[in-house]
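Below: one structure, written as structure tokens.
Numbering (this note's numbering), first residue to last: 4 to 358.
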């Protein structure tokens with residue numbers, strides 16, 4: 004007999020014994036011979052409630068202290084400090100309420116355990132208590148929601164005009180990054196043009212896209228606003244940059260955005276953490292399929308001069324893929340010079356078809 008068969012037999016035996024035990028109790032009740040004796044068991048359960056409260060509270064406190072640094076990586080953005088204050092304000096308020104209610108729950112379980120000869124007090128309603136525990140939480144929650152809405156509106160609102168702009172696109176199972184060229188304007192993309200080479204779907208009939216380039220890692224300058232334009236090519240992903248306190252969903256068919264200002268270069272953070280191999284990281288924190296674990300991308304925060312030097316070395320997608328550019332030129336060639344205006348207007352439908 005297999006192990007599975009033995010386990011099945013044991014489960015069936017337990018079920019049979021349980022049914023027989025219940026049948027015996029029912030028989031005793033109907034015959035009038037059943038007497039429920041509580042004895043010491045109720046008191047033991049009450050004491051165990053207090054023991055669980057003490058040991059559970061101690062274990063929670065130890066776990067929190069032990070993992071505090073893991074939950075709070077160093078902050079490396081301007082808005083991160085406001086976000087951190089808001090988070091811990093919320094956690095402190097909720098934590099105080101949690102501790103009070105849990106202590107009351109377990110202490111009351113012990114204090115008001117069943118005792119022979121004591122009748123339970125029926126407490127149907129109290130308007131004053133109802134008003135207190137409705138109005139106070141409502142005021143506190145409204146304050147937290149308003150503070151969160153104010154900060155959220157700021158970091159998802161219009162970015163400064165001089166922001167460094169880049170586009171991040173998530174797909175199963177990696178991230179694609181696109182930067183505008185020297186014109187500082189991202190060109191049109193069209194999902195119908197996506198293939199193995201043109202993963203972004205560059206529409207090179209748009210002049211603005213001719214100098215756009217893709218990068219294998221994200222580079223941003225320290226102390227300068229950075230605007231992330233975010234989208235997904237397939238399923239729901241999430242742009243998560245813990246050190247910058249950046250979190251934004253990448254939603255198929257619905258572009259999103261987030262802007263922040265980094266305050267520490269990668270080298271400065273390596274010195275602060277004492278880890279020479281440290282790198283900022285972009286990770287997807289929404290389970291998006293079998294290869295979800297692979298959706299990570301390095302972020303390099305440079306000094307402004309170093310960023311400019313890196314930026315100047317990048318080659319545009321069109322220059323690296325002349326065959327793709329040639330195919331667009333070939334499509335446009337039969338139109339002739341007399342049809343140049345319609346050819347330019349053809350960019351508009353492509354823009355509408357893009358994600």
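Even glycine gets a Cβ: it sits at the ideal position worked out from N, Cα and C.
Around the beta carbon of residue 133, fewer than 16 other beta carbons sit within 10 angstroms, so the residue counts as exposed. With a cutoff of 8 angstroms on beta-carbon distance, residue 148 and residue 225 are scored as not near each other. Within the same chain, Cβ atoms closer than 8 angstroms to the Cβ of residue 84 are found at 78, the five residues on either side in sequence being excluded.
A straight line joining the alpha-carbon of residue 127 with that of residue 154 spans about 43 angstroms. Taking the Cα positions, residue 30 is about 21 angstroms away from residue 16. Between the alpha carbons of residue 238 and residue 18 lies a gap of roughly 45 angstroms. With three or more CB-CB distances shorter than 8 angstroms, the region 180-190 counts as touching the region 211-219.
With respect to residue 106, residue 56 sits close: the two C-beta atoms are nearer than 8 angstroms. Under the DSSP assignment, residue 62 falls in the alpha helix (DSSP H) whose first and last residues are 44-69. Take residue 165, set aside five residues on each side of it, and the residues of its chain with a beta-carbon closer than 8 angstroms to its own are 227 and 228, in chain order. In terms of Cβ geometry, residue 320 and residue 217 form a close pair [threshold 8 angstroms]. The Cβ neighbour count for residue 117, taken over all protein chains shown within 10 Å, is under 16; the residue is labelled exposed. In this structure residue 233 is not in contact with residue 302, their Cβ atoms being roughly 14 angstroms apart against a cut-off of 8 angstroms.
Residue range 307-316 is occupied by the alpha helix (DSSP H) that includes residue 309. Closest option to residue 193, judged by alpha-carbon separation, among 163, 94, 236 and 121: 236. Residue pairing by DSSP places residue 252 opposite 241 in a beta bridge.
When beta bridges are read from the DSSP output, residue 177 appears opposite 174. If you ignore the 5 residues before and after residue 313, its C-beta comes within less than 6 angstroms of the C-beta of 222, all in its own chain and listed in chain order. According to DSSP, residue 149 shares a beta bridge with no other residue. With distances taken between CA atoms, residue 284 lies nearest to 247 out of 309, 247 and 260. Put simply, of 81, 326 and 115 the residue whose alpha carbon is nearest the alpha carbon of residue 266 is 81. Under the three-state reduction of DSSP, residue 236 is assigned to coil, being neither helix nor strand. Per DSSP, the unbroken beta strand (DSSP E) holding residue 221 starts and ends at 221-224.
Using a 10 angstroms sphere on the CB of residue 163, the tally of other CB atoms stays under 16, which defines it as exposed. If you look at residue 191, you'll find it isn't in any beta strand (DSSP E); DSSP assigns it neither H nor E. Contact check for residue 50 and residue 113: beta-carbon distance about 7 angstroms, within the 8 angstroms limit, so the pair qualifies.
Bridge partners of residue 133 according to DSSP: none are assigned. Residue 176 is a Cβ neighbour of residue 294, given a cutoff of 8 angstroms. Per DSSP, the continuous beta strand (DSSP E) segment holding residue 286 begins and ends at 283-286. DSSP lists 222 as the beta-bridge partner residues of residue 303. For residue 320, there is no enclosing beta strand (DSSP E); the residue is found in the alpha helix (DSSP H) stretching over 320-323.
Taking a contact as a CB-CB distance under 8 angstroms, the pair residue 230 and residue 262 counts as one, their CB atoms being some 4 angstroms apart. Listed as beta-bridge partners of residue 262 by DSSP are 230. Residue 331 sits in a helix when the DSSP states are folded into three classes.
Exclusion of the five residues before and after residue 46 leaves 116 as the residues of its chain whose Cβ lies within less than 7 angstroms of its Cβ.
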